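Note that the protein sequences, when read in sequence, are chains Y and H. Residues in the first sequence are numbered from 182 upward in steps of one, following our numbering. Residues in the second sequence are numbered from 1469 upward in steps of one, following our numbering. Every residue gets a Cβ at the ideal spot worked out from N, C-alpha and C, and that includes glycine. Just so we're clear, the structure is a prediction, and the values are computed from it rather than from any experiment. Structure record follows, encoded as structure tokens.
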Amino acid sequence: MSIELKPKDYKSDIKPVWCPGCGHFAILSALTKALAYLKIPKHQIGFVSGIGCSSRIPAYVDSYGFHGIHGRGLALASGLKAARPDLHVIVAGGDGDGFSIGGNHFIHTCRRNMDMLYIVMDNQVYGMTKGQASPTTDPDWVNKLTPHGSGIRPFEPLAIALASGASFIARGFSGDPSAMSKILVEALQHPGFSFVQVLSPCKTFRPEQMEWKKQVHNAFIEPTDDPALAAQAIHNDDGMGMGIVFQRDIPIWSLAKKNTNTKQDDSKTSIEKITSEFEL
Amino acid sequence: MSSSSFSVAVTGAGGSGAVTTGLILLEAMAQHGFYGFMLRSSGPQIRGGESAVMMRFDTGEVLAANNQFDYLLALDWFNIERFIDEIPLDKNSLVIFDLSAGEIPEVLSQSNAQVVGFDLKKMAKSIQGGRVNMIALGLLANTFSLSDQSIDRAVNKILGRKGIKIVETSIACVIHGMNEHKKSNLWPVKIPTGNLSTKTTRWSITGNEACGLGALYAGVRFVGAYPITPATEILEWMSPRLEKLGGGLLQAEDELASINMIIGSSFGGIPSLTATSGPGLSLMLEGIGLAISSETPVVVVNVSRGGPSTGIPTKSEQSDLNIALYGCHGDAPHLVVAPLNISDAVFTTYWATCLAEQLQTAAIVLSDQFIGQSRAIINNPTIEDIKCRRITADNAQENYQRYKILDSGVSPMSIPGTPGCMYTADGLEHNPKGTPSSMSIDHLTQLEKRNNKLLKFDYGEQWSDISGKGDIILITWGSSSAMVKEAAQQLKKQSYSIKTIAIRLLMPLQVDLLSAALKDAKKVIVIEQNQGKQLFHYLHSQNSLPIDAYSFARSGPLPFRPDEIANYIEVIL
Ligand SMILES: Cc1ncc(C[n+]2csc(CCOP(=O)(O)OP(=O)(O)O)c2C)c(N)n1
Ligand code: SF4
Chain Y
182 MSIELKPKDY
192 KSDIKPVWCP
202 GCGHFAILSA
212 LTKALAYLKI
222 PKHQIGFVSG
232 IGCSSRIPAY
242 VDSYGFHGIH
252 GRGLALASGL
262 KAARPDLHVI
272 VAGGDGDGFS
282 IGGNHFIHTC
292 RRNMDMLYIV
302 MDNQVYGMTK
312 GQASPTTDPD
322 WVNKLTPHGS
332 GIRPFEPLAI
342 ALASGASFIA
352 RGFSGDPSAM
362 SKILVEALQH
372 PGFSFVQVLS
382 PCKTFRPEQM
392 EWKKQVHNAF
402 IEPTDDPALA
412 AQAIHNDDGM
422 GMGIVFQRDI
432 PIWSLAKKNT
442 NTKQDDSKTS
452 IEKITSEFEL
Chain H
1469 MSSSSFSVAV
1479 TGAGGSGAVT
1489 TGLILLEAMA
1499 QHGFYGFMLR
1509 SSGPQIRGGE
1519 SAVMMRFDTG
1529 EVLAANNQFD
1539 YLLALDWFNI
1549 ERFIDEIPLD
1559 KNSLVIFDLS
1569 AGEIPEVLSQ
1579 SNAQVVGFDL
1589 KKMAKSIQGG
1599 RVNMIALGLL
1609 ANTFSLSDQS
1619 IDRAVNKILG
1629 RKGIKIVETS
1639 IACVIHGMNE
1649 HKKSNLWPVK
1659 IPTGNLSTKT
1669 TRWSITGNEA
1679 CGLGALYAGV
1689 RFVGAYPITP
1699 ATEILEWMSP
1709 RLEKLGGGLL
1719 QAEDELASIN
1729 MIIGSSFGGI
1739 PSLTATSGPG
1749 LSLMLEGIGL
1759 AISSETPVVV
1769 VNVSRGGPST
1779 GIPTKSEQSD
1789 LNIALYGCHG
1799 DAPHLVVAPL
1809 NISDAVFTTY
1819 WATCLAEQLQ
1829 TAAIVLSDQF
1839 IGQSRAIINN
1849 PTIEDIKCRR
1859 ITADNAQENY
1869 QRYKILDSGV
1879 SPMSIPGTPG
1889 CMYTADGLEH
1899 NPKGTPSSMS
1909 IDHLTQLEKR
1919 NNKLLKFDYG
1929 EQWSDISGKG
1939 DIILITWGSS
1949 SAMVKEAAQQ
1959 LKKQSYSIKT
1969 IAIRLLMPLQ
1979 VDLLSAALKD
1989 AKKVIVIEQN
1999 QGKQLFHYLH
2009 SQNSLPIDAY
2019 SFARSGPLPF
2029 RPDEIANYIE
2039 VIL
């Protein structure tokens, strides 16, 4: 494409359903900025999600998108990337979508290390269903469903991604879109599965998260390729540290044969060879 | 039953080689010009458990279970009581067993079958490395007057990869067994009537392979896979062959993933399939609903087994019809088709894929263990081009509408990578552009679109297989069809006039064509292998059955026997 695309050219004309002040807006902006910076052709993007406020994001980007079902975005994206390695596959969703109902896919997609970007827009709450605890919510956070708090300790997504085999692991903050955008540029360029947790306040159900901007800090200055050092850095952090913590070249999973033929005219002779195995 | 048909069962403990014996016998009979059918049955153990093969041979294509067994080759008596229900014997049956295996079990003495003990072990010992199963195979080989050449080719084909030594020893054993039978005159040589086939283009194929092949023919190039009995062989058979055709298979972490993976790959423009069985189909339902709502073509082959829950993984039942028809939440019209037998599994899976692609929806192919894990010698099937293809939007368009309302209900689908007609597919209700909408007008028009495209399409005469003429009409589907057809032939000999309708396209039901086919019916009987009369109730719900129609339904895992069906019909006539 010869015309230079601006970040706003990557936005669709659909108006987001998000509440005013929701952290998810900034993620949309940071992502479109990264896409424009890398000059990725819009029609070569496959943007996949699950269900949740956050998972609405593909429709707001002017690209190919798939707003799938709750928790299954990574699975759908893995099929798309396997069949169409030529596409830039991006997946986004919430902490409930990715870590609870989709937790198994999270582990196995990290393990598979296919070349795609996964953004979890983490607000430590189920926003869409109006405020229940997620796997990253503190145990004493009181809500209608668990009036004494969930009583369950949150898990650390970065540590799980590391243990599961993700090859690029980072944390960003929606209150600092330009730093986030830089992380996303790195993540998009990384060959392999890039996992970016973005802390993204839910103004409506977790208004106290508006204080996050005072609590976040730069933590991971230089990414390491040593899992032991990365594990240490993640565990020493208070969960509010920003930056790329781990990056390493790890074999990427892809179908044995690249460039699947999209036309239906593939070699009759091969099929005939296959049928000949049945002959007596 | 055709007079030229005869049947053999082989049973034995794990490691006794019952399945290998069956495979070699089937191949040798095929080499000799017979057609054949071999159903497998195994116990609950993963490895080393007892197993049985049930085989039927004929001078023409044979794909139905038989009424009774002419020969039972008991390599030992290990857990024979677990199989005996599946191997009906009568006074004409001959049981051949190894004298060293101990006393004849009581279950056998009750059957009135003739029993002949043989010192198979001693005979095997006379050949270095010799095995009981190959000696026993020799006894049968001579009974059917197979040639040394057929045996040679069959053993080479089935055991060839185990090395020359094993092949030679096995052939020596079989020949030894053949000679023993010739010498001893223990039971007569049975040469069937009818001409043997000289066709060289016949195939040896299992139903699971047939499904895989039909899918490849139709252009499936991506498979999302999670293993489950008895569907795994479809996935394993397709995996290396997909690679040869420039596609591939992705092993998923579960069925929630495998169904979503193929929705993703199909969205990417590649015809895609997954195969599973009841428990997996249960997990896939939400994904199937997504494929329907987002109008993404996918094919799900369900090789059904005894249910509910984990049920009977290794044995057949037609009890997944309800879940295939009604499993999805919401109003979710889609395609449900069922192959009628092993040979038809090639066409039906091919057809299902073409239809799913053309109509941009989910197609469920209802096979079962009886079809999937059986092997048959068939005439090589010819596939006529159905000419159904996915309609794509290939050029940039101002204001592209992915879910545009058109007469056919099918709107051109743009494939990622195509500039200028980007869209976001959605399982949320949407407007023609694809933008989520909860407005009643959008819900109404899109529901109608997804329903109409299936109803308006002309499926041709493939919706069913109708045979015979008469005012007694048997309606059936799937693997029961072969036995129902044979029952009808038996009854015809007693001058009943009977028509059989085996329904291939179960959803959308071709209501008008079915009622035309039922026009002059005096008696209608719906026959299916499940307890809940699932097809019977479904047809009633569509006002497609006369009010006094009969239901003959019973659960698996025992396959229907043609006699069993014929007896039922005779009683009600
Ligand atoms: C199978 C299924 N179960 C439950 C739901 C209801 N549901 C919709 S979104 C959601 C959670 C959303 O939370 P999260 O993923 O954290 O995203 P957020 O809305 O906070 O951005 C749930 C439980 C659903 N859509 N599907
Ligand atoms: S509920 Fe929370 S997460 Fe959802 S849009 Fe509103 S602020 Fe954002």
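Within 9 Å, strictly: CB atoms of residue i and residue j
i: G1480 (chain H); j: L1543 (chain H); result: yes
i: T1821 (chain H); j: P1801 (chain H); result: no
i: P1887 (chain H); j: H224 (chain Y); result: yes
i: I211 (chain Y); j: G353 (chain Y); result: Just to set this straight, residue 211 (chain Y) is Ala in the shown sequence, not Ile. Cβ distance < 9 Å, so A211 (chain Y) and G353 (chain Y) count as in contact.
i: I221 (chain Y); j: M361 (chain Y); result: no
i: A1893 (chain H); j: E1763 (chain H); result: yes
i: P358 (chain Y); j: F336 (chain Y); result: no
i: A1725 (chain H); j: N285 (chain Y); result: yes
i: G274 (chain Y); j: P382 (chain Y); result: no
i: A1581 (chain H); j: L1608 (chain H); result: no
i: Q1459 (chain H); j: Q1865 (chain H); result: The first residue shown for chain H is 1469 and the last is 2041, placing residue 1459 (chain H) beyond what the model contains.
i: P404 (chain Y); j: F386 (chain Y); result: no
i: N1770 (chain H); j: D1788 (chain H); result: yes
Residue i in three-state terms, based on DSSP
i: V1878 (chain H); result: coil
i: N1919 (chain H); result: helix
i: N285 (chain Y); result: helix
i: Q313 (chain Y); result: strand
i: T1829 (chain H); result: coil
i: H1797 (chain H); result: coil
i: W1931 (chain H); result: helix
i: Q1869 (chain H); result: coil
i: H269 (chain Y); result: strand
i: N440 (chain Y); result: Because N440 (chain Y) sits at a pLDDT of 45, beneath the cut-off of 50, its placement in the model cannot be relied upon, and the point is left open.
i: F280 (chain Y); result: helix
i: G422 (chain Y); result: strand
i: H1649 (chain H); result: helix
i: S1905 (chain H); result: coil
i: W1545 (chain H); result: coil
i: Q1957 (chain H); result: helix
i: F427 (chain Y); result: strand
i: I433 (chain Y); result: coil
i: K1667 (chain H); result: coil
i: V1642 (chain H); result: helix
i: F374 (chain Y); result: strand
Burial state of residue i (16 or more Cβ within 10 Å)
i: A2021 (chain H); result: buried
i: R1599 (chain H); result: buried
i: D1812 (chain H); result: buried
i: R334 (chain Y); result: exposed
i: A1699 (chain H); result: buried
i: P338 (chain Y); result: buried
i: K214 (chain Y); result: buried
i: S1777 (chain H); result: exposed
i: Y1818 (chain H); result: buried
i: D1553 (chain H); result: exposed
i: G1528 (chain H); result: exposed
i: I1548 (chain H); result: buried
Beta-carbon separation (whole angstroms), residue i vs residue j, contact threshold 8 Å
i: F1690 (chain H); j: S1740 (chain H); result: 4 Å
i: L1803 (chain H); j: L1823 (chain H); result: 6 Å
i: P1970 (chain H); j: S1983 (chain H); result: What sits at residue 1970 (chain H) in the sequence shown is Ala, not Pro. Not confirmed; about 17 Å, so no contact.
i: I2040 (chain H); j: L1959 (chain H); result: Incorrect: roughly 12 Å between the Cβ atoms, too far for contact.
i: R1508 (chain H); j: Q1841 (chain H); result: 5 Å
i: R1773 (chain H); j: G1746 (chain H); result: 6 Å
Closer than 8 Å: residue i CB and nearest ligand 4 heavy atom
i: W199 (chain Y); result: Of the ligands one can find in the structure shown, namely ligand 1 and ligand 2, none is ligand 4.
Legend entry - alpha helix (DSSP H) segments (min. 4 residues) lying fully within the region 1704-1784 of chain H: 1723-1735 and 1746-1762, all fully within the region 1704-1784 of chain H.
Inset, instruction - Scan the region 321-369 of chain Y and note each continuous alpha helix (DSSP H) run of 4 residues or more that stays entirely inside, going in chain order. - result: 338-345
Inset, instruction - With a floor of 4 residues, list each alpha helix (DSSP H) that falls wholly inside the region 1478-1532 of chain H, ordered by position along the chain. - result: With a minimum length of 4 residues, the continuous alpha helix (DSSP H) runs that stay inside the region 1478-1532 of chain H are 1486-1500.
Legend entry - Completely contained beta strand (DSSP E) runs for the region 1548-1583 of chain H, where each covers 3 or more residues: 1562-1566
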